[in-house]
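Beneath this line is the structure, given in structure tokens, with notes to follow.
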Amino acid sequence: MSREQPAVKRYRRAELERESSSDSDDNYVPYVPIKERRKEQLLKIGKLTQVRDEASKTTNSEKDEDEENWGRKSNISLLDQHTELKKMAEAKKESAMERQLKEEEKILESVAEKKALMGVAELAKGIQYEDPLKTSWKPPGCVLKLGEIRHETVRRKYRILVEGEDPPPPLLSFEDMKFPRGILSGLKTKGISKPTPIQVQGLPTVLSGRDMIGIAFTGSGKTLVFVLPLIMFCLEQETRMPFIKNEGPYGLIICPSRELAKQTFDIIQHYTGVLQKHGSPQIRSVLAIGGVPVSESLEVISRGVHIMVATPGRLMDMLDKKMVRLDICRYLCMDEADRMIDMGFEEDVRTIFSFFKGQRQTLLFSATMPKKIQNFARSALVKPITINVGRAGAASINVIQEVEYVKQEAKIVYLLECLQKTSPPVLIFAEKKQDVDAIHEYLLLKGIEAVAIHGGKDQEERCRSVEAFRAGKKDVLVATDVASKGLDFQDIQHVINYDMPDDVENYVHRIGRTGRSGKRGLATTFINKSNDESVLLDLKHLLIEAKQAVPQFLADLQSENEKYLDLGDERGCSYCGGLGHRITDCPKLEAIQSKQASNIGRRDYLASNAADY
283 MSREQPAVKR
293 YRRAELERES
303 SSDSDDNYVP
313 YVPIKERRKE
323 QLLKIGKLTQ
333 VRDEASKTTN
343 SEKDEDEENW
353 GRKSNISLLD
363 QHTELKKMAE
373 AKKESAMERQ
383 LKEEEKILES
393 VAEKKALMGV
403 AELAKGIQYE
413 DPLKTSWKPP
423 GCVLKLGEIR
433 HETVRRKYRI
443 LVEGEDPPPP
453 LLSFEDMKFP
463 RGILSGLKTK
473 GISKPTPIQV
483 QGLPTVLSGR
493 DMIGIAFTGS
503 GKTLVFVLPL
513 IMFCLEQETR
523 MPFIKNEGPY
533 GLIICPSREL
543 AKQTFDIIQH
553 YTGVLQKHGS
563 PQIRSVLAIG
573 GVPVSESLEV
583 ISRGVHIMVA
593 TPGRLMDMLD
603 KKMVRLDICR
613 YLCMDEADRM
623 IDMGFEEDVR
633 TIFSFFKGQR
643 QTLLFSATMP
653 KKIQNFARSA
663 LVKPITINVG
673 RAGAASINVI
683 QEVEYVKQEA
693 KIVYLLECLQ
703 KTSPPVLIFA
713 EKKQDVDAIH
723 EYLLLKGIEA
733 VAIHGGKDQE
743 ERCRSVEAFR
753 AGKKDVLVAT
763 DVASKGLDFQ
773 DIQHVINYDM
783 PDDVENYVHR
793 IGRTGRSGKR
803 GLATTFINKS
813 NDESVLLDLK
823 HLLIEAKQAV
833 PQFLADLQSE
843 NEKYLDLGDE
853 RGCSYCGGLG
863 HRITDCPKLE
873 AIQSKQASNI
883 GRRDYLASNA
893 ADY
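Using our numbering, the letters of the sequence shown map in sequence onto residues 283 to 895.
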């Protein structure tokens, strides 16, 4: 008996129909206009992220407008499109520069000195001086009548940059500065007839009693800017009320090296001696440096002293032992101030400030003073005037700089060839004391009249060597950096850097021993693979700035952040002043931070060991 197949129930049939209809719907692909498809394609490869973000908010008409903006601009010329794209690239570049500058500001702020360059007593009592010291000196009325336009014209002519409140007018002759006949006679004896740019603005500033930061290239006459006004102030004090026994000094000059202190002392002696011959009262000065018996200094101090020239170490020793007092000292000058702080005398200088009993006129001078030290120094100055002749840290334009690649083992032999370039006198600089001794011995064996100085020699021998070289009895002086800062030798023809210093600031000071007082000079520097690349980059950019020939092996050197070397007003590194890098890559800062980190660990270790005993 056959059975009939059961009929599909009505509800089941409806369900099957729905399934079949849904399958056909899935296969259906709606038509998308070509414009929309192109847009979707661009969105997928990330070219139109802005359109994608705004897609949900825009209508169909707005989408068409966006397509016109972001797609190919058929109605705008390719040149205009290129200009627009260039502007957009520049805007992005500027934002990158802003980020770099912000990062540098943070670094500079983190390494900035938190302690002011002031005495402990003044900081503790909250003493702050609001106004500069008053002096009896006034600029000539005839010059003041000429007005500010004339003053600015003179400054522009001599490339003098002045920052500060109400600077005095620049004066173009020593007669206008109201120096007495004795001083004018002393200047004539030295062959000085008119002031240099730093003296044109600097002398009126110091004579007015203003605090000052003086920056000018080596050999520009900075010493006279602080020596002549001090002699004038002491002469005025002595005329009004003569100095009695054990009184003084009235003025204090601090130098980083013994040779520079001796040179400054000799200059003061020259002008005070000429003044006395012209009938002025005697101005007594004293030299306080290591290697010279303290008894010599005490003899002058006991008679009453007007001017004291000292190195920080000897001065600290004399102050601690109460051999000298700064009760009436009202004039303080730090020559080569940045080098003194770099050499580790910063705490000594701060301690010296604590011995002053009243307000003083403070002057800081150097050829290389980065912004870091200028900002730090302003904490001790009252309404200071900053006078800048040329960029801080720039090499003298009167020096022809030659850089030669010489292998380490060939240096000492090649020296003889270099000495043939010019007639004597010649200065040779080396980093290490043993190299100085080796070069000196080699030159003597070759029959060359040479002398040598470095920190390992006693003071008497150092003085004898410098004097023999200065008098022309010796043709060559071989030295470490003790002879690089501030020393003035007549008619140095040639400076040879036996090795490139680790710090480009030292290089600037070294080559500044020649090309002084407007004369021309030559500097030859030996470099090789042993030199640090960052120092060579600084040297390369220093040569470019001075419009000197850059050898190919230096020109090929490129830094990673070459594009950031010149940002805004600040060129190069704001920490050390090097032109070949920024503060973010500063080797000097890195070395100091590494040293501080190692010292912290060492101090902790020593302290823990001390606690055990």
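Every residue, glycine too, gets a C-beta built ideally from N, C-alpha and C.
query: Within the same chain, show all residues whose beta-carbon is closer than 6 angstroms to that of R596, passing over the 5 residues directly before and after it, in chain order.; result: A570, I571 and G572
query: In the DSSP output, which residue or residues are listed as bridge partners for Y687?; result: I809
query: Do you know how far the Cα of L645 is from the Cα of E430?; result: 25 angstroms
query: Under the three-state reduction of DSSP, which class applies to G423: helix, strand or coil?; result: helix
query: With H, G and I counted as helix, E and B as strand and the rest as coil, what does DSSP make of N788?; result: helix
query: With distances taken between CB atoms, is the gap from N680 to R795 smaller than 8 angstroms?; result: no
query: What does a CB cutoff of less than 7 angstroms around F456 pick up in its chain, not counting 5 residues either side in sequence?; result: L466, L469 and P477
query: Ignore the nearest five residues each way along the sequence and tell me which others in C516's own chain have a CB closer than 8 angstroms to its CB.; result: Y532, G533, I565, H588 and I589
query: Go through its chain and collect everything with a Cβ distance to L542's Cβ below 8 angstroms, but skip five positions before and after it.; result: D617, E618, K767, G768 and L769
query: By DSSP, does G555 sit in helix, in strand, or in coil?; result: helix
query: Three or more beta-carbon pairs under 8 angstroms between the segment 499 to 509 and the segment 687 to 701, yes or no?; result: no
query: Should S567 be labelled buried (16 or more other beta-carbon atoms within 10 Å of its own) or exposed?; result: buried
query: If you compare alpha carbons, which of Q716, L804, G754 and E684 is closest to G737?; result: Q716
query: The alpha helix (DSSP H) spanning I978 covers which residue range?; result: Outside the shown range of the chain (283 to 895) lies residue 978, about which nothing can therefore be said.
query: Can you tell me whether E629 is buried or exposed, with buried defined as 16 or more other CB within 10 angstroms of its CB?; result: exposed
query: Since T417 and S490 are thought to touch, with beta carbons under 8 angstroms apart, how far apart are those beta carbons, to the nearest angstrom?; result: 6 angstroms
query: Between the C-alpha atoms of L818 and V436, what's the straight-line distance to the nearest angstrom?; result: 37 angstroms
query: Closest to Q519 by C-alpha separation, out of Q772, D448, A371 and C611, would be which residue?; result: C611
query: Which of the three DSSP states, helix, strand or coil, is assigned to S648?; result: strand
query: Helix, strand or coil for D740 per DSSP?; result: coil
query: Can you tell me whether DSSP reads H364 as helix, strand or coil?; result: helix
query: Compute the Euclidean distance between the alpha carbons of K317 and I358, then round it to the nearest angstrom.; result: 20 angstroms
query: Who are the near neighbours of F547 in its chain, counting only those whose CB is closer than 7 angstroms to its CB and skipping five residues on each side?; result: S567, L569 and V591
query: If you drop the 5 nearest sequence neighbours on each side, which residues of the same chain put their C-beta closer than 8 angstroms to that of D773?; result: P707 and K801
query: Once the 5 residues before and after L726 are set aside, which same chain residues still bring their CB inside 8 angstroms of it?; result: A732
query: Quick one: grab the DSSP three-state call for E347.; result: With a pLDDT of only 49 at E347, under the threshold of 50, the placement of this residue in the model should not be trusted; the figure read from the coordinates follows. In the structure shown, E347 sits in a helix (DSSP, three-state: H, G or I).
query: Return yes when the Cβ of P414 is within less than 8 angstroms of the Cβ of D493, no when it is not.; result: yes
query: I need the DSSP call for Y613, collapsed to helix, strand or coil.; result: strand
query: Reducing DSSP to helix, strand and coil, say where I565 ends up.; result: coil
query: Measure how close the beta-carbons of R607 and K527 come, nearest whole angstrom, since I'm counting them as under 8 angstroms.; result: With a Cβ gap of about 13 angstroms, R607 and K527 do not count as contacting.
query: Residues in its own chain within less than 7 angstroms of P451 by CB, not counting five upstream and five downstream?; result: P421, V425, L426, H433 and P486
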